[in-house]
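Beneath this line is the structure, given in structure tokens, with notes to follow.
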Amino acid sequence: MENKRSRTGGAPATVQPSEKAAQSRPQVLQRTGRSTSSGPLAAEVSSAMSAIPALVSQKFQRGAREGAGPTKPFKSEEQSSEAVRTLAEHVRQLRQKKQEEGSVRTTESSADNGLRRPHKNAPAVMDAGGKLSTRNARQVVSQRVAKPVDPRFDPLCGRFDENVFEQRYSFLRDLRRKALDEAKIKLAALEKRLKIAHESERDTLRSLHKELRSEVDRRQNQVRRDEVTESFQALLRRHKREETEQLAAGRKTRPFFWKRSMIRDQLQKERDASMKKHRGWKRHLERREREAAAKDRKLLRDSV
Numbered sequence: 001m002e003n004k005r006s007r008t009g010g011a012p013a014t015v016q017p018s019e020k021a022a023q024s025r026p027q028v029l030q031r032t033g034r035s036t037s038s039g040p041l042a043a044e045v046s047s048a049m050s051a052i053p054a055l056v057s058q059k060f061q062r063g064a065r066e067g068a069g070p071t072k073p074f075k076s077e078e079q080s081s082e083a084v085r086t087l088a089e090h091v092r093q094l095r096q097k098k099q100e101e102g103s104v105r106t107t108e109s110s111a112d113n114g115l116r117r118p119h120k121n122a123p124a125v126m127d128a129g130g131k132l133s134t135r136n137a138r139q140v141v142s143q144r145v146a147k148p149v150d151p152r153f154d155p156l157c158g159r160f161d162e163n164v165f166e167q168r169y170s171f172l173r174d175l176r177r178k179a180l181d182e183a184k185i186k187l188a189a190l191e192k193r194l195k196i197a198h199e200s201e202r203d204t205l206r207s208l209h210k211e212l213r214s215e216v217d218r219r220q221n222q223v224r225r226d227e228v229t230e231s232f233q234a235l236l237r238r239h240k241r242e243e244t245e246q247l248a249a250g251r252k253t254r255p256f257f258w259k260r261s262m263i264r265d266q267l268q269k270e271r272d273a274s275m276k277k278h279r280g281w282k283r284h285l286e287r288r289e290r291e292a293a294a295k296d297r298k299l300l301r302d303s304v
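Quick note on numbering: UniProt numbering labels position 158 of the sequence shown as 158, and the sequence is numbered without any gaps.
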């Protein structure tokens with residue numbers, strides 16, 4: 001479209017630069033060798049970039065006033081190069097002005113201030129106003145942590161001997177029996193009180209009765225387990241003593257020690273022999289036979 005003068009004789013209409021001129025803008029930054037994405041000159045360079053259309057329009061108006069007739073933006077490469085050189089000179093003047101004011105830090109000034117790194121892998125050097133993130137706090141002096149020690153699995157405590165343990169801590173059995181007797185007395189007193197208690201107190205007394213009943217059962221199991229262990233150890237000691245006597249008398253050349261299963265069978269025989277004196281012996285045998293038969297039927301059903 002031709003650049004025509006207005007009827008009033010005013011200035012010619014403004015002509016927008018062509019696409020070639022718009023594409024040549026990034027070349028300015030390449031020729032100047034500076035990046036404007038960040039830094040103190042970002043605003044100045046952006047303002048210089050925005051001044052390109054004004055410079056081009058001024059040149060077109062100057063050519064129109066000289067009588068060059070209808071013009072087109074950037075008739076040749078020389079005009080495009082001239083516009084680029086003009087913008088580069090403008091940016092260089094702005095940078096020189098900022099350096100004189102002291103707002104831009106150059107390589108020489110950084111070296112003079114001692115902020116230049118000796119090589120690329122050296123840590124960053126910051127001035128007095130800089131801030132660095134602190135590292136995580138380290139514990140210089142280690143604190144002792146209490147570590148539990150179980151003497152049963154500690155080799156420094158020696159090998160566990162059950163016989164020695166039973167001899168040294170035999171008083172625990174007496175304490176368990178005493179605690180069982182006290183719990184039975186408390187349970188009997190609570191049962192008497194529960195019979196004559198009011199309806200509002202019975203819920204609380206029943207809960208206490210349940211807890212005390214479980215405690216009595218637990219202590220009875222402890223005492224019964226102690227009795228079984230004591231009888232087991234007594235039978236084992238008696239058998240070892242008999243074997244030692246037979247070896248000393250020459251009736252045996254090699255000792256024979258029972259296994260745990262053989263000791264349990266012998267204990268069951270002795271228990272049965274002692275229960276034959278009671279009246280409920282026959283009922284006890286019948287119950288054992290029924291339990292054994294039920295167990296056999298269950299095993300047979302599972303196998304099929």
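Note that beta-carbon positions come from the ideal geometry of N, C-alpha and C, so glycine has one too.
Asked                                                                                                                                                                              : Found
Does the Cβ-Cβ distance between L285 and Q266 come in under 8 Å?                                                                                                                   : no
Between which residues of its own chain and Q233 is the CB-CB distance below 8 Å, once the five residues before and five after are set aside?                                      : E162, N163, E166
For L212 and D226, I'd like the C-alpha separation in whole angstroms.                                                                                                             : 21 Å
Check each candidate in K195, E243, E230, R176 and name the one with the smallest Cα separation from D217.                                                                         : R176
Assuming contact is defined by CB atoms lying nearer than 8 Å, are V228 and L180 in contact in what I supplied?                                                                    : no
Keeping to the same chain, check which residues put their C-beta closer than 6 Å to that of I185; ignore five residues upstream and five downstream.                               : none
Whose C-beta lies closer than 6 Å to the C-beta of P26 among residues of the same chain, with five residues either side of it excluded?                                            : Its pLDDT being 44, under 50, P26 is placed unreliably in this model, and the value from its coordinates should be taken loosely. So the list is empty, once near-sequence residues are dropped.
Might you give, ordered along the chain, the residues of its own chain that have their beta carbon closer than 7 Å to the beta carbon of S170, omitting 5 neighbours on each side? : none
Whole angstroms is fine: what's the gap from M275's alpha carbon to E289's?                                                                                                        : 16 Å
Just the Cα atoms here: how many angstroms apart are A189 and W281?                                                                                                                : 33 Å
Can you grab the Cα-Cα spacing for the pair A88 / R116, in whole Å?                                                                                                                : 28 Å
So, E243 versus P255, is the Cβ gap smaller than 8 Å?                                                                                                                              : yes
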